[in-house]
Structures are given as structure tokens and as C-alpha cells.
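587 is the number that the working numbering gives to position 339 of the sequence shown; each next residue is one higher, with no gaps.
The C-beta atom is built at its ideal place from N, Cα and C for all residues, glycine as well.
A short worksheet on the structure shown next.
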Amino acid sequence: MAAMARYQCPACGQTYAADRPLWRCQCGSHLNLAPGGGLRRGDIAANEASLWRYAAALALREPPRISLGEGWTPLVWRGWRGVEVCFKLESQMPTGSFKDRGTAVMINHLLEVGVGAIHEDSSGNAGASIATYAAASGLPCRIYVPAAAPASKLVQIAAAGADLRAIPGTRQAVSDAALAAAGESFYASHNWQPHFIEGTKTLAFELWEQLGFRPPDNILVPTGYGSNILGLDRGFDELERSGEITARPRLFAVQAANCAAFATVWAAGGDEFVPFSPAPTIADGIASPKPVRVAEVMRALRRSKGGVVAVPEEEIAPALAALGRLGLFVEPTAATAGAALTRLLHDGTIGLNQTTVVVLTGSGLKAADRIGELLGLLDPRPISP
Ligand SMILES: [Zn+2]
């Protein structure tokens, strides 16, 4: 295992040893983990069919205390508009979304440094993930979610025994409620606590290993706060510094056009948050009006020579239907990546001979009722893809 990890504040430069539960700097900014030591092929624990095969490269001091078998998800090739692409089934995690990568590493770090009761806010999937891992760890847990979140996500959180607080209003109102509770229990926020991104970096390692120790050319990721973009950037950076790869994939952050914070910043050409007016979207998992690490995500996208794709609302249902017909039952949030792939193939940004990975972030079982309604599946004449 790695030596004691350190946090760095991007705003004031303060550094901290990662030896206690911490979610932000004393100046109020978020914190980032210092660059990791990297991963070499020989470091992989090949008999471990979970993300813990990469434990040697994680910023933890000890082997994990809690695992539900997260990571090492399938990578399957399917045809999309006549092109063979890889779909990464993060939807097949223990709680049905990619969040378990970040949660497992974050919770194990917090257990190492002696955390007590925790709370968190989420559009639903991270809440379900953290509630589940808290239950597995015996940690008391309170989860703030939008009252309008899909019922399946609320049920999943409550079934894990968490104290569920459904907050009316916007996603930001939910975050504000959780921030206001920061004095009552530890704010184990997947959007703030840096070890969450340490977990999502294993997505980069897995894609590299599953593609025969080669990075893909392009990766498309549904993006709300950007934890997968940041994890991929961190993971491929470590592989590059270890000499395992010489080229890095282009990262494309996929957003719902109705709530596209990063697309707005991208269009403005800067690194700073630009206020915009969010509208409702069926892609509830990425409806994030105010991401935490805006500059970091922008730098990761530019460094990769990728970009941001904002998917109009009317393109989500057809992509969802098309994925379903391929055997890929995902929630509407994940289907935005399919819609973005269609756009990038159509405009020639992605070439026919490139290796492209579409990250499917959440299971359709998370929102089955809404999917049925959206696609008219229980009506006499369903929508065709
Ligand atoms: Zn600071």
C-alpha cells in the first residue's frame, strides 16, 4: 500500500496529511489528492476480480476493510450506427451505478482514519451507494436527495437503513441542506471528498487492462460533477508517468443540454463557473447546476484534447431505446452517452477505425417506471429506436 497520502488546496496552497476525516480546506475550497505513485503491470493483483486488483496504486494505508465486489465490470463490444464500440457496464456495480468505485475507496479511507456518523447529498445514485457501504461498515448515515428523485433510488437508500431526507426544490437546495448539516456529522460528500476520485481512477486502469494494456482513443462519460472525468484523467496520468502508455484517450464529458454547467464553461472558453439557467431533464443523475471542481474538469478535458457534448432532451429517449435493443438496459442519464456518440460519429469527431468506449454509468433498474413511461413501452405502440 502507498505511504501517507496528502491533500493539496488548489485555492490557498495549504497541504494536509490524509490522516483524519477531511472534506475541504480551512479556507473553504475543495481539496485534491497529490499525484499518486502510478501503476505498473506487475503491480496488478490479477486474481482479484474487483477494483482491489489495483490496490497497490491507491492512496490507502491498509487493505480494504469493506468490499462488496465493486469494479472489474464488463467491457462489451456492440455495433452502434454501423460502428463497433465498447460499452463499459458500470451499471453492473453492487448498487447499480459507477459510484461504487469512488464510494468503496472513500469509505475505506474514512474507516482507516476513524470516521463516525456520516451524511451526504446526492441526486440518488451516490446516495444509494454511500448508504449501502455505510450499512456494510456499520456507520450511521443520513442522505439528502431531491424529493423528485426516481422512487427506486429513494427505496434503495432507505432499504440500506440510512436516514433519508427528501428535499423539495432544486438539486442545489439538496446540497445546501447537506452543507448546513456539516457540523452534525462528517460530510462524506462524493463531490468534495478527494478519495472518491481516487476510486474512480480505477476506471482508467480497467479500460487499459481490458483493452490488452492499451488505452482507447475516445471515452464518452455522462457528466454531472465530473468525478469520472477526473478519475480517468488521474488514472491515465499515472499510467503515463509509469511508462505504461504513451498516448492518452480523448475524454468527452456528456451533459444534458437542459442542465449543462461544463458545456457553458466550455463555450465561454475559460475555467471558471459561468452562471446559467438550468431546465428540468430526464437525465436526473447529471442535473448538476453547480459542480465543485470546474477548473480541474476543464483542464482534464483540454489536456485529453476531448471536449463537452450537450445532448438535447429529445435525443435521450431514442438513444435509450437503441441501447435497450442492444441488450444494454440503462437509466436515461447513461443513455446521454449513446446520444453523444451518435453526434460525434456524425460530425466526424470520432473516426470509424478508432477505439471508443461509452461508459454506461447506471442501470435501467434505477428508473424502470420512468423508462417505461418515456418510451411508451406499456402502450400499444412503443417508440422505435
Ligand atoms: Zn485552502
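query, result
"Boundaries (first-last residue) of the alpha helix (DSSP H) holding residue 382", "373-385"
"Cβ neighbour criterion (16 or more within 10 Å) applied to residue 270", "buried"
"Extent of the continuous alpha helix (DSSP H) run through residue 604", "Not the alpha helix (DSSP H): residue 604 falls in the beta strand (DSSP E), residues 604-608."
"Presumed contact (8 Å Cβ cut-off) between residue 334 and residue 316, rounded CB distance", "Not a contact, Cβ separation roughly 25 Å."
"Cβ-Cβ separation, residue 499 to residue 224 (assumed contact under 8 Å), whole Å", "In the structure displayed, the chain extends from 249 to 633; residue 224 sits before or after that span and is not available."
"Cross-strand partners of residue 326 (DSSP beta bridge)", "333"
"Any 3 or more C-beta pairs closer than 8 Å across the region 544-559 and the region 576-593", "yes"
"Pairwise C-alpha distance: residue 308 and residue 249", "Low per-residue confidence applies at residue 249: pLDDT is 46, beneath 50, and the placement is therefore not dependable enough to give any value."
"With 16 other Cβ atoms within 10 Å as the buried cut-off, status of residue 540", "buried"
"Boundaries (first-last residue) of the beta strand (DSSP E) holding residue 368", "366-369"
"Range of the contiguous beta strand (DSSP E) that encloses residue 500", "498-504"
"Distance cut-off 8 Å: residue 262 Cβ against heavy atoms of ligand 1", "yes"
"Environment of residue 553 [buried if 16+ CB atoms lie within 10 Å]", "exposed"
"Which of helix, strand or coil DSSP assigns to residue 305", "helix"
"Extent of the continuous alpha helix (DSSP H) to which residue 566 belongs", "564-573"
"Assigned secondary structure, residue 619 (DSSP; H/G/I helix, E/B strand, else coil)", "helix"
"Span of the alpha helix (DSSP H), counted from its first residue to its last, around residue 419", "419-428"
"Rounded C-alpha distance that separates residue 574 from residue 331", "13 Å"
"Own chain partners of residue 419 with C-beta closer than 7 Å, once the 5 adjacent residues on each side are dropped", "371, 394, 535, 536 and 537"
"Three-way DSSP call (helix, strand, coil) for residue 668 in this model", "Only positions 249 to 633 of the chain appear in this structure, which leaves residue 668 out of reach."
"Any non-hydrogen atom of ligand 1 within 8 Å of residue 274 CB", "yes"
"Residue 445 vs residue 475 beta-carbon contact at 9 Å", "yes"
"Sufficient close CB pairs (3 or more, under 8 Å) joining the region 429-446 to the region 370-385", "yes"
"CB of residue 350 within 9 Å of CB of residue 443, strictly", "yes"
"For residue 345, three-class secondary structure by DSSP", "strand"
"Outcome for residue 409 when other beta-carbon atoms lying within 10 angstroms are tallied against a minimum of 16", "exposed"
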